[in-house]
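Each remark here refers to the structure printed beneath this line.
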Amino acid sequence: MTEQRLFPKPHSARDITPFSSARQAWFWFVRCQTARIEGARVVADAGEVVRPCDPDDVYNAVMRLKKGGILGDRHLQVLEYFGLVEREPDARDP
Numbered sequence: 278m279t280e281q282r283l284f285p286k287p288h289s290a291r292d293i294t295p296f297s298s299a300r301q302a303w304f305w306f307v308r309c310q311t312a313r314i315e316g317a318r319v320v321a322d323a324g325e326v327v328r329p330c331d332p333d334d335v336y337n338a339v340m341r342l343k344k345g346g347i348l349g350d351r352h353l354q355v356l357e358y359f360g361l362v363e364r365e366p367d368a369r370d371p
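Each position in the sequence shown, counted from 1, maps to that position plus 277 in the numbering used here.
Okay, structure coming up:
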């Protein structure tokens with residue numbers, strides 16, 4: 278088994294603003310991915326708000342949940358759809 282090597286990221290000189298919820302982190306991730314697809318280059322600490330992780334960290338966490346069987350394909354479809362329309366699912370509409 279290959280040993281995974283982790284390197285700590287340098288801390289920003291600016292204050293880090295944590296996400297208030299997993300929802301906020303997901304919508305941030307989807308906006309970053311959309312910007313990448315449109316040609317933007319996502320660079321750490323370049324935005325107005327410094328976040329505690331990179332968009333790739335959110336992606337990797339979701340892929341670990343999928344690989345572990347916690348999230349299925351349908352879950353990912355729902356996350357993608359509601360992320361792209363930037364709204365939460367309505368709990369009244371199953």
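Virtual Cβ for every residue (Gly too), placed ideally from N, Cα, C.
Considering only C-alpha positions, which residue in the set the options is nearest to residue i?
i, options, result
"Ile293", "Arg313, Arg300, Gly345, Asp331", "Asp331"
"Asp334", "Val307, Glu280, Asp370", "Val307"
Would you list the one or two residues that DSSP bridges to residue i?
i, result
"Val320", "In DSSP, Val320 forms no bridge with anything."
"Arg293", "At residue 293 the sequence reads Ile, which differs from the Arg that was named. Bridge partners of Ile293: Val327."
Is the distance from the Cβ of residue i to the Cβ of residue j below 7 Å?
i, j, result
"Val327", "Arg291", "yes"
"Val320", "Cys309", "no"
"Phe304", "Glu357", "no"
Which whole-angstrom value is the C-beta distance of residue i and residue j, which I expect to be below 8 Å?
i, j, result
"Pro329", "Pro295", "5 Å"
Inset, instruction - With a floor of 4 residues, list each alpha helix (DSSP H) that falls wholly inside the segment 328-359, ordered by position along the chain. - result: Listed in chain order, they are 332-344.
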